Amino acid sequence: MILRLDRIAIDLPEPKAPSPNAASAVQELMGGRFGEMSTLMNYTFQSFNFRGRDKLRPFYDLIANIAAEEYSHIELVAYTINLLLTNSTAQGTDPTKTPLASALDARNHYHFIASGQTALPVDSMGNPWNGSYVFSSGNLKLDLLHNFFLECGARGNKIRAYEMTDDPTARAMIGYLLVRGGVHVVAYARALEKLTGADLKPLFPIPDISNQKFPEARKLEDQGLHRIMFRFSPEDYRELSKVWNGPHPEDGSELVVEDAIPAGAPPPNLPEEPQLTAPGVDPEMLRDMMSWMENGKRFR
Ligand code: MN
Ligand code: MN
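In short: position in the sequence shown from 1, add 863, done, that's the numbering used here.
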């Protein structure tokens, strides 16, 4: 089971300006093959499908725990997309004024036609996220190799999305996810090392560019965020530390398990978009309905 908190992992800054095309690029980090929906669903299915858990508990704990963290990553990507799309068209309810005219030049029309200028489970080209992105072979070594590859691929996509937009919201999100994804790369490498005795240290980093090159990531690494595996459960996944230990392969700092999740921040409140009939509720009518229902309860 998942325990849900009404918070997101970091406090996202406001965008410099609305940017539907930056939002489109960021969609790759949501619903692309290497996006957060893929990491979430890969580790979720691998944890459901794990065989021999009693003998291999630390590896199960690692995969299940990272799956829970990935949920917080899809949230962060979604809110970045939502903030970038907010106010990206003219406001107003008169359709003859063509309030959505600016959407015509936006790369992803689904953001305006299928949603209320909000995130969708699609990639940067609007292709729906796809269950075939999930790899769950049942062979632990193979699954861990895949996860290592997936996190490195995800890192590559994040770097390229960062290079496409200088929007502060997108960059704050990507900086944070570069650091957390970096933790996952190291975690799966450590797991493979523990399981096989292989030395993966010379592989780091893939792609060959340090997180220190990204100011938003550097700030967080200077606070030690790249060394921390958060335990995303009040009581469980106690054997994480049997895998997550030893020196970090890049800077030699000590890897630590923290018995808590990130403090996070309240999710941004998204304003109404009347020209999109979103949310499409008349506040006065809603108030009347609520009081009518309240009274109904009282009379029963
Ligand atoms: Mn992630
Ligand atoms: Mn990850």
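Even for Gly, the Cβ is constructed at its ideal location relative to N, Cα and C. Keep in mind that this is a model prediction, so the values were computed, not measured.
If you draw a straight line from the Cα of Glu932 to the Cα of Val1048, it is about 14 angstroms long. The Cβ neighbour count for His972, taken over all protein chains shown within 10 Å, is under 16; the residue is labelled exposed. Judged by beta-carbon spacing, Val985 lies beyond the 8 angstroms limit of Gly1044, meaning their Cβ atoms are not closer than that value. Here the residues close to ligand 2, judged by CB distance below 5 angstroms to any of its heavy atoms, are Thr902, Gly1044 and His1047 in chain order.
The three-state secondary structure of Pro991, taken from DSSP, is strand. Distance from the Cα of Leu947 is smallest, within the candidate group Gly1127, Arg1034 and Ser935, for Arg1034.
Within a 10 Å sphere around the beta-carbon of Val889 sit 16 or more other beta-carbons, which makes this residue buried.
Between Ile976 and the set Ala1054, Leu1139 and Gly1001, the nearest pair of CA atoms involves Leu1139.
The Cβ-Cβ distance between Val1042 and Ala982 does not fall below 8 angstroms. It is roughly 34 angstroms from the alpha-carbon of Ile865 to the alpha-carbon of Lys879.
Separation of Lys1064 and Leu875 (C-alpha to C-alpha, rounded to the nearest whole angstrom) is 33 angstroms. Excluding sequence positions up to five before and after Arg916, its CB lies within less than 8 angstroms of the CB of Tyr923, all in the same chain and listed in chain order.
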